[in-house]
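Undergrad: Below are the C-alpha cells for one structure; questions will follow.
Number of protein chains: 2
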Amino acid sequence: MRRIIFALVAVAVLAGTAEYIVRASGQADGEAAPIYGIKIPEGYRDWRLISVNHLAGGSVKQLRAQLGNDIAIKAFRDGTRPFPDGAIIAALHWNEASSDENNKVLATGFPGAGLDSFVPSSAVNVQFMVKDSEKYTSTGGWGYADFTNGKPGNEALHNTCYPCHQPAKERDYVFTRYAPAH
Amino acid sequence: MRRIIFALVAVAVLAGTAEYIVRASGQADGEAAPIYGIKIPEGYRDWRLISVNHLAGGSVKQLRAQLGNDIAIKAFRDGTRPFPDGAIIAALHWNEASSDENNKVLATGFPGAGLDSFVPSSAVNVQFMVKDSEKYTSTGGWGYADFTNGKPGNEALHNTCYPCHQPAKERDYVFTRYAPAH
Chain A
4 MRRIIFALVA
14 VAVLAGTAEY
24 IVRASGQADG
34 EAAPIYGIKI
44 PEGYRDWRLI
54 SVNHLAGGSV
64 KQLRAQLGND
74 IAIKAFRDGT
84 RPFPDGAIIA
94 ALHWNEASSD
104 ENNKVLATGF
114 PGAGLDSFVP
124 SSAVNVQFMV
134 KDSEKYTSTG
144 GWGYADFTNG
154 KPGNEALHNT
164 CYPCHQPAKE
174 RDYVFTRYAP
184 AH
Chain B
4 MRRIIFALVA
14 VAVLAGTAEY
24 IVRASGQADG
34 EAAPIYGIKI
44 PEGYRDWRLI
54 SVNHLAGGSV
64 KQLRAQLGND
74 IAIKAFRDGT
84 RPFPDGAIIA
94 ALHWNEASSD
104 ENNKVLATGF
114 PGAGLDSFVP
124 SSAVNVQFMV
134 KDSEKYTSTG
144 GWGYADFTNG
154 KPGNEALHNT
164 CYPCHQPAKE
174 RDYVFTRYAP
184 AH
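Shown next, in the form of C-alpha cells:
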C-alpha cells in the first residue's frame with residue numbers, strides 16, 4: 004500500500020513535467036480508465052466552477068479547480084444529497100509557478116506589500132467523479148477516473164480512489180465544497 | 004497616490020472580514036460602480052473558467068478565479084486580440100484558509116508528504132472588465148468595476164484600475180492567461 008501511495012505522489016510530481024499536449028475539443032472520448040470504465044466527458048472544460056484551491060507541501064505545489072456539470076452544480080447550490088445520478092465533478096490540477104509579470108504589477112500597485120502571484124504553469128492531471136448509483140453500488144454510487152495528457156492512470160491508481168474518499172462518506176464522498184458567494 | 008494604494012490593500016484585507024451575504028440569482032443588477040457605470044453582470048457566476056491563481060504576501064492570502072462570458076472565452080481560446088466588444092472578464096477573489104478536513108485525508112493518502120490544502124474561507128471582492136471600444140475609448144476600450152458584498156467600491160478605487168493595467172497594454176490590458184489544457 005505504501006509503495007502505491009509513494010507512486011501516487013511520484014506520478015503527481017512527474018506528471019507535471021510531462022509534455023504539454025493540446026487537447027482539441029471533441030477528442031474527449033479516448034481510452035476508458037480502468038475499474039470504473041470512465042472516459043473523459045465531452046465538454047467538461049466548459050462546465051461551471053464549483054471551487055478553487057491550492058496544494059502545498061514538499062515538492063508538490065498545485066493550483067486546482069473543480070468544475071461540475073449541470074446536475075452537479077444544481078445539487079451543490081440547492082444542497083441535494085446524495086448527488087443525483089448523472090452528476091459529474093471534474094477536478095483539474097496544475098503545477099503552479101510564481102508569475103514575474105504579475106509580481107511586477109503588484110509591486111507597483113501595492114508597494115511594500117510583498118505580494119506574490121502564483122499561476123498555472125503546466126497541467127498535471129484531471130480527475131472525474133461520476134454518479135451512477137446502480138453501476139457503482141459497491142463504491143458508494145460513484146465511479147472515479149484519473150487522466151494525464153488524455154491517458155488514464157493504471158489500475159493500481161484507480162484502486163486507491165474509493166478508499167481515499169471514505170472520510171467524506173457523510174458528504175456523499177465529495178471533498179470539495181461550493182465556493183462562497185460574492 | 005500612496006494613500007490610495009494603501010487604502011486598496013486595506014480594503015482588500017478588511018473586505019475579507021466583512022459579513023457574508025448570500026447573493027440570490029437575479030439580484031445582479033444592483034448599484035452601478037463609479038467612473039465606468041458598470042453593474043454586476045447577470046449570471047456571471049455561471050461563466051466558464053479562464054484560470055485560477057493564488058496570491059500570497061504579508062496578510063493577504065487569496066485564492067482567485069477568472070471567469071469569462073462566451074465572447075471572452077472564445078477570444079481566449081482562438082487568440083483574437085484585441086478582445087471583441089462585449090467580452091467580459093470576471094475576477095473572483097476569496098480569502099483562503101488551510102483545510103483541516105482535507106489535510107487529514109491527504110496525510111492518510113500521502114503519509115510523510117506534508118501536504119497542505121488551502122480552500123476559500125470567505126469572499127473578498129469580485130471585479131469585472133467590460134470591453135466596449137466606443138464607450139471606453141479613453142481607457143483602452145475597457146471599463147472596470149469592483150464590488151464587495153454586492154456594493155461597488157468608491158471613485159478613488161476605480162481611478163486606479165486603468166493605470167494599474169497599463170503594463171499589460173500589449174496583451175489588450177488583460178493580466179490573466181488561459182490555463183493550460185489537460
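Keeping their order, the protein sequence lines are chains A and B. Sequential numbering from 4 applies to the first sequence in my numbering. Sequential numbering from 4 applies to the second sequence in my numbering. For glycine and all other residues, C-beta sits at the position ideal for the given N, C-alpha and C.
#1: Among B/Gly-146, B/Thr-140 and B/Pro-183, which has the Cα closest to the Cα of B/Gly-35?
#2: Give me the Cα-Cα distance between A/Phe-178 and B/Thr-142, rounded to the nearest whole angstrom.
#3: CA-CA distance, A/Glu-158 and A/Phe-79?
#4: Could you check if A/Lys-172 is buried or exposed, using at least 16 other CB atoms within 10 Å of its CB as the buried criterion?
#5: Whole angstroms are fine: how far does the CA of B/Tyr-181 sit from the CA of B/Asp-73?
#6: Could you give the distance in angstroms between the alpha-carbon of B/Lys-138 and the alpha-carbon of B/Gly-144?
#7: Report yes if the C-beta distance between A/Ile-53 and A/Phe-150 is below 8 Å; otherwise report no.
#8: The alpha helix (DSSP H) with A/Phe-121 in it runs from where to where?
#9: Over what stretch of residues does the alpha helix (DSSP H) that includes B/Gly-111 continue unbroken?
#10: Taking only beta carbons into account, state which residues of the segment 121-152 of chain A come closer than 9 Å to chain B, listed in chain order.
#11: Measuring only the C-alpha atoms, how far is B/Ala-21 from B/Trp-97?
#12: I need the straight-line Cα distance from A/Asn-106 to B/Asn-105, nearest angstrom please.
#13: Cutting at 6 Å between CB atoms, please list the residues of its own chain near B/Pro-170, excluding the five before and the five after it.
#14: Any Cβ of chain B within less than 8 Å of the Cβ of A/Val-177?
#15: Determine contact between the segment 60-69 of chain B and the segment 152-167 of chain B, defined as no fewer than three beta-carbon pairs at a distance below 8 Å.
#16: Are the C-beta atoms of A/His-161 and some chain B residue less than 8 Å apart?
#17: Report buried or exposed for A/Glu-99, applying the criterion of at least 16 other Cβ atoms within 10 angstroms of its Cβ.
#18: Going by other Cβ atoms of all chains shown within 10 Å of its Cβ, with 16 needed for buried, is A/Ser-102 buried or exposed?
#19: Among A/His-161, A/His-185 and A/Pro-166, which residue has its Cα nearest to the Cα of A/Phe-131?
#20: Using a beta-carbon distance cut-off of less than 7 Å, what residues from the segment 50-65 of chain A approach chain B?
TA: Reading from the atomic positions:
#1: First, the residue type needs correcting, since residue 35 of chain B is Ala and not Gly in the sequence shown. For B/Ala-35, the nearest C-alpha among the options comes from B/Gly-146.
#2: 43 Å
#3: 30 Å
#4: exposed
#5: 14 Å
#6: 7 Å
#7: no
#8: From DSSP, A/Phe-121 is part of no alpha helix (DSSP H) but of the beta strand (DSSP E) over 119-134.
#9: According to the sequence shown, residue 111 of chain B is Thr rather than Gly. Run containing B/Thr-111: 103-112, per the alpha helix (DSSP H) assignment.
#10: Phe-121, Val-122, Pro-123, Ser-124, Ser-125, Ala-126, Val-127, Asn-128, Val-129, Phe-150, Thr-151 and Asn-152
#11: Residue confidence for B/Ala-21 is low, a pLDDT of 37 falling below 50, so the modelled location carries little weight and cannot support an answer.
#12: 29 Å
#13: none
#14: no
#15: no
#16: no
#17: buried
#18: buried
#19: A/His-161
#20: Arg-51, Leu-52, Ser-54, Val-55, Asn-56, His-57, Leu-58, Ala-59, Gly-60, Gly-61 and Val-63
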